[in-house]
Every structure is written in C-alpha cells, then in structure tokens.
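Enquirer: Here the protein sequences come in this chain order: D and R.
Here the first sequence stands for residues 19 to 100, numbered as in our numbering.
Here the second sequence stands for residues 483 to 879, numbered as in our numbering.
So that we are looking at the same thing, I have put the structure below in structure tokens.
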Amino acid sequence: MTEKSKIFATIYAVLAEYIPEGKEITGDTRIVADLEIDSVDVFDLIMEVEDAYDISISMELISTTHTVGELVDVVDDLIGAG
Amino acid sequence: MLAKTKQNKPLFEKFAAVNERHELAKMLGQSPIGVPFDKILSPTRALFKGRDIVLVGTNNYLGLTFNENVRRSMIESIETLGSATTGSRQANGTYAEHANLEQELQTFFEMQSAIVFTTGYQTNLGAISALAAGDDHILIDADSHACIYDACRLTDAATHRFRHNDPENLNKRLQRLPETGGRLVVVEGMYSMFGDVAPLAELVDVAHANDAMIFVDEAHSVGCFGENGRGISEAQGVLKDVDFLSGTFSKSLASIGGFCVSKHFEFERVRLISRAYMFTASGAPANISAARAALQELQAMPELRESLWARSNRLHSGLSKMGFDLCAPASPVIAVRRPDEATAVREWNQLFEQGVYVNLAVPPATPGGTSLLRLSVSAAHTEDEIDQVLKAFSNLA
C-alpha cells in the first residue's frame, strides 16, 4: 500500500462518519458537492484528519481543497514537509 | 434602447435554499426573522399589532436602553454635536466624545490602549485583521462568532481552528505550527449561542506558554461577569494577562459601536492599519455619548448585575425543572435545545402567541447543527415577567 493509499484509507474512515453508509467515495469525489457535507462539518472532519496525522491544515488551504484526492495530496504534502 | 427580452436572474438562483427555509418558517406562523415591533415600551416589553410582548431575546443585559442618564446624554449630544459625524475617525470623525470614551474604557479595563470602532462587528473585523498578517497564525475557537471568521478571511495570515473551549487541543495545535511568524489566539468570554463560558485562565496560560498573544471577545460578558462588570477576564482573574479585549456597545452598554482595549501601547498603531477603522464613518455622537453614560451606570449600579443574575438563575432553574435540555449552566444567555428546526420554529410561534419573544437560532448560525430557542435575560426583567416566560414554556405542546 502506497503512502497516498494509506492516507486515502484514513480519510475514507473519517468521511464515513459524516455520510450515509455505502456511499461510494473516490479521489474525484467532491467533499461538499457530492457528499452533501455542510461547511461546518467539513471543518470538523478536517480537524479529525489533522489529529490523525498531527498536522495543521489552515482554513485557507481547506477552502481551496474540493475533492477527496486533493485532500489526500494536501495531507501528503504536509506530512512530507513535517 | 435595448428591448428587455428575458428575466434572467442567475445571481438570485443561489438564494433558493434560503428562500425555501424562509417560506417554510412563514407557513408555520409569524416569521421569526426581523419581527417588526410597533413600539418598544421598556427594555423588556414591546407592542406587536397591539399585543403586549415580553422580550427575552434582546441582549439588553443591564436594561439600560431606557435609563434616564443614557437617554438624556443622547439628546444633549444631538443638540450640541448634531446627528452624525459624516466622516471617518482618521478624517473629521474623531470628536472629543470619541476620545473621552476611549480614555474611559482604557481606565475601566486598566489597559494601555483603547480604540473605538463604529460597530461591534467591525471591531473584531478591524482589530484581528490588523494584528495578524503575512506569516502570522491565527488560532480561533471552533464556535467563534461570524465576525471572527470574517476577520480571518480579511487577512492573509493562516487561520487554524481548535476544538471549542479545549485548552489541550489549543496547545496541540499551537505546537504543530512552524516557528516563523506571530501567533494570535482568539476566543470569546461567554459564547452567544449556548451561553457557555470559556476556561479563559487555562487558555491564557496555554497561549502564553506557546509564545502566542490572546484576544478575548467579551461582547456578551462585559457588564454581566466580574466584580466590576469587566467580563470573564475579570471573573477568572486574568484581566491583566489578556493581550486584547474587545466588546460592543450594543448589548450591556445600550448603544451601538464597539471597542478593543490592549495592555500593549503598540496597539494604537492599529488605527493606521485597520481598514474597518479607517474606511467607514465614525460612530454618531449620540451613540458615543450613550455608551459613555452607560459605562458610568454600569460602574455606579452594581445592583444591575445582581438583578441580572437573580433573574437568570430563576429562569434557568425553572426551565431545568420542567425538563428542558439547556445547553449550559445558568448565565444571562439560556439556550433551550430542540430536536429539529421545524419543532423550534413551531414552538417559537407558540411562545410568541403567548406574548413571549425569544430568539430562534438554527444552523448554520449555531454550533453543531443544533436548533435553539435562545433567551437572553435583562436586569430589567421583573420576577413576574420571568414567571410569564416560564408559564409559556410550560404550555408548549
């Protein structure tokens, strides 16, 4: 399993708490538009991802991150920078 | 002249969801949004279509809006200074009244600097966005008011949220930050929706231990908490440690406008940086004079705080005994958690029909997607009025 696949699995597990069971999630899935997660919940789930990796994702970065794949990239970059 | 061919209004399409909710609320009775009262009879009563309504949702904590000295100061101000300044603080809009109020706030809070802004919203917008920029980091409590979020959007500093009222989580997030840039932690004293209070002493310790400064919004707590009414910072014994303290004139101080005080004299330079301070007209003289008078009354009448707390405890205890799910221990803001938005709207109407006005608070304005009937208590409420409110709640179907 590559590092990005592991990150995707972690994010998938976090997202699962916020969406109906069985909903398909891929790298192209848009977090707000496709999963119908409201903006407040997005910030909460991001906090869970931050805690999982001990990183800090600024709100400005969150606002330009739309898909699950983009979120995986952001986490991967921050882990690499850390 | 071009012929008008089609009513194409794409700008308004995004309003559809809001329209739907608003129409649904109207179907359930009187719209809870912007209730147009015909006449305000006192800090706690109003007329609506000839009906006498008890107001329990005004944030008029000390009940000073009808205070004789406050009203007289406004009238005298209009007669001697006119209706408006018509200019910004940087240009012609700083009168001696503004400067005097700043000096009085600086003295009241025992700080080194005080700046008066035109509204409370602009205070946080202007002060926070001026303090943090570039490589700096802002850490805000997740349940912060919209004006704090909006302030963060105005600056290019990086913004990070930490879990509500959680010093340990703040500590963890501060430790993740790079060494570069300044750090500003922003919290509120009492949170306006739930009425819960920050563990401020711990938050101050965590902020300073991590080389951060702390900014406390005391909009809802000035006048209500602390031996001298100086807010949660005073109540928890950390007023001297707080770097920046902001507040509003539109609640306990019975006017409109806002202020930020600081223990750092360098804060004065915000006047030259803050766009929300520079590019707007200054507070009308009457509003500034009213805030000055209310600040005097706040200090001269500690019995107002005693009354406020007696009424708050009576209301909180009564609702609690009826089994209502209250969001926080007793405080001047009492939030009753309802199972969903439709129930909250229906019950808001049932209360209004019984002559009781409370605030309806629904997502996204509320933390955690909760729907609330939000009450704010005033020192001016009589025990009978509090009992009338309790009776109306007991009648909810």
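Beta carbons: idealized from backbone N, C-alpha and C, even for Gly.
Using the Cβ count rule (16 or more neighbours within 10 Å means buried), how would you classify proline 514 of chain R?
Expert: Buried.
Enquirer: Counting only Cβ-Cβ distances shorter than 7 Å, please list the residues of the stretch 625-644 of chain R near chain D, keeping chain order.
Expert: Cys634, Ala640, Thr641, His642, Arg643
Enquirer: Quick one: give me the first and last residue of the beta strand (DSSP E) that methionine 593 of chain R is part of.
Expert: Note, methionine 593 of chain R: premise wrong, no beta strand (DSSP E); not H, not E.
Enquirer: Whole alpha helix (DSSP H) runs in the stretch 811-852 of chain R with 4 or more residues, listed along the chain?
Expert: 823-835
Enquirer: Kindly identify the DSSP beta-bridge partner or partners of glycine 740 of chain R.
Expert: R/Phe599, R/Thr730
Enquirer: Helix, strand or coil: which one does DSSP assign to lysine 521 of chain R?
Expert: Strand at lysine 521 of chain R.
Enquirer: Compare the C-alpha of threonine 662 of chain R against each of R/Arg643, R/Val752, R/Asn692, R/Asp648 and name the closest.
Expert: R/Asn692
Enquirer: Whose CA, out of R/Arg787, R/Ala782, R/Leu855, lies closest to the CA of asparagine 551 of chain R?
Expert: R/Ala782
Enquirer: Closer than 7 Å by C-beta to valine 827 of chain R: which residues in its own chain qualify, once you throw out the five before and the five after it? Chain order, please.
Expert: Ala507, Leu510, Pro514, Leu842
Enquirer: How far does the beta strand (DSSP E) with glutamate 670 of chain R in it reach, from first residue to last?
Expert: 665-670
Enquirer: Kindly indicate if chain D contains any beta-carbon less than 9 Å away from that of glycine 539 of chain R.
Expert: no
Enquirer: Would isoleucine 75 of chain D count as contacting chain R if we go by Cβ distances under 9 Å?
Expert: Chain R, which has a Cβ nearer than 9 Å to the Cβ of isoleucine 75 of chain D, makes this yes.
Enquirer: Taking all protein chains shown into account, do 16 or more other C-beta atoms lie within 10 angstroms of the C-beta of asparagine 582 of chain R, making it buried, or fewer, making it exposed?
Expert: exposed
Enquirer: Using a cut-off of 8 Å between C-beta atoms, extract the partners of proline 846 of chain R located in chain D.
Expert: Asp56, Ser57, Val58
Enquirer: Starting from aspartate 72 of chain D, find everything on chain R with Cβ-Cβ shorter than 7 Å and list it in chain order.
Expert: Those within 7 Å of aspartate 72 of chain D in chain R are Arg658.
Enquirer: To the nearest whole angstrom, what separates the beta carbons of glycine 87 of chain D and glycine 45 of chain D, a pair I think is in contact under 8 Å?
Expert: Correct: roughly 3 Å between the Cβ atoms.
Enquirer: Going along the chain, which residues of its own chain have a beta-carbon closer than 8 Å to the beta-carbon of isoleucine 719 of chain R, five neighbours each way excluded?
Expert: The residue you asked about is not isoleucine; residue 719 of chain R is glycine in the sequence shown. Within the same chain, glycine 719 of chain R has close Cβ partners Ala683.
Enquirer: Would leucine 544 of chain R and leucine 797 of chain R be called neighbours here (beta carbons separated by less than 9 Å)?
Expert: In this structure, leucine 797 of chain R does not lie closer than 9 Å to leucine 544 of chain R by Cβ.
Enquirer: Per the contact definition of three or more C-beta pairs closer than 8 Å, is the stretch 563-573 of chain R in contact with the stretch 752-767 of chain R?
Expert: A contact exists between the stretch 752-767 of chain R and the stretch 563-573 of chain R.
Enquirer: Let me make sure I understand the geometry here. Which of R/Asn574, R/Thr762, R/Leu613 has the alpha-carbon closest to that of phenylalanine 599 of chain R?
Expert: R/Thr762
Enquirer: Which whole-angstrom value is the C-beta distance of glutamine 870 of chain R and valine 818 of chain R, which I expect to be below 8 Å?
Expert: Not confirmed; about 16 Å, so no contact.
Enquirer: Pop quiz: isoleucine 620 of chain R and cysteine 634 of chain R are said to be a contact at Cβ under 8 Å. What is the actual Cβ separation, rounded to whole angstroms?
Expert: 6 Å between Cβ atoms; contact.
Enquirer: At 8 Å on the CB atoms, spell out the chain D contacts of arginine 753 of chain R, in chain order.
Expert: None at all; the shortest Cβ gap to chain D is about 27 Å.
Enquirer: With a cut-off of 9 Å, does the C-beta of aspartate 52 of chain D fall near any C-beta of chain R?
Expert: no
Enquirer: Note down, in chain order, every chain R residue with its Cβ under 9 Å from the Cβ of phenylalanine 61 of chain D.
Expert: Ala624, Arg643
Enquirer: Counting only Cβ pairs nearer than 9 Å, list the residues of chain R close to glutamate 88 of chain D.
Expert: Neighbours of glutamate 88 of chain D on chain R: none; closest Cβ ~18 Å, over 9 Å.
Enquirer: At least one CB of chain R closer than 9 Å to the CB of leucine 33 of chain D: is that the case?
Expert: Chain R, which has no Cβ nearer than 9 Å to the Cβ of leucine 33 of chain D, makes this no.
Enquirer: Does the beta-carbon distance from glycine 805 of chain R to asparagine 606 of chain R come in below 9 Å?
Expert: no
Enquirer: Quick check on DSSP: helix, strand or coil for leucine 53 of chain D?
Expert: coil
Enquirer: What did DSSP end up calling arginine 554 of chain R once you bin it into helix, strand or coil?
Expert: helix
Enquirer: If the cut-off is 8 Å on Cβ atoms, which residues from the stretch 823-835 of chain R count as contacting chain D, listed in chain order?
Expert: If the cut-off is 8 Å between Cβ atoms, the stretch 823-835 of chain R has nothing near chain D.
Enquirer: Chain R beta carbons: is any one of them nearer than 9 Å to that of aspartate 69 of chain D?
Expert: Contacts with chain R at 9 Å (Cβ-Cβ) include aspartate 69 of chain D.
Enquirer: Listing by chain order, which chain R residues have their CB less than 7 Å from the CB of glutamate 78 of chain D?
Expert: Under the 7 Å cutoff, chain R gives Ala640, Thr641.
Enquirer: Quick one: which residues of the stretch 803-816 of chain R get their C-beta closer than 8 Å to a C-beta of chain D? List them in chain order.
Expert: none
Enquirer: Who are the near neighbours of lysine 730 of chain R in its chain, counting only those whose CB is closer than 6 Å to its CB and skipping five residues on each side?
Expert: A small correction: the amino acid at residue 730 of chain R is threonine; lysine does not occupy that position in the sequence shown. Closer than 6 Å at the Cβ level, and outside the excluded window around threonine 730 of chain R, lie Gly602, Ala701, Gly740.
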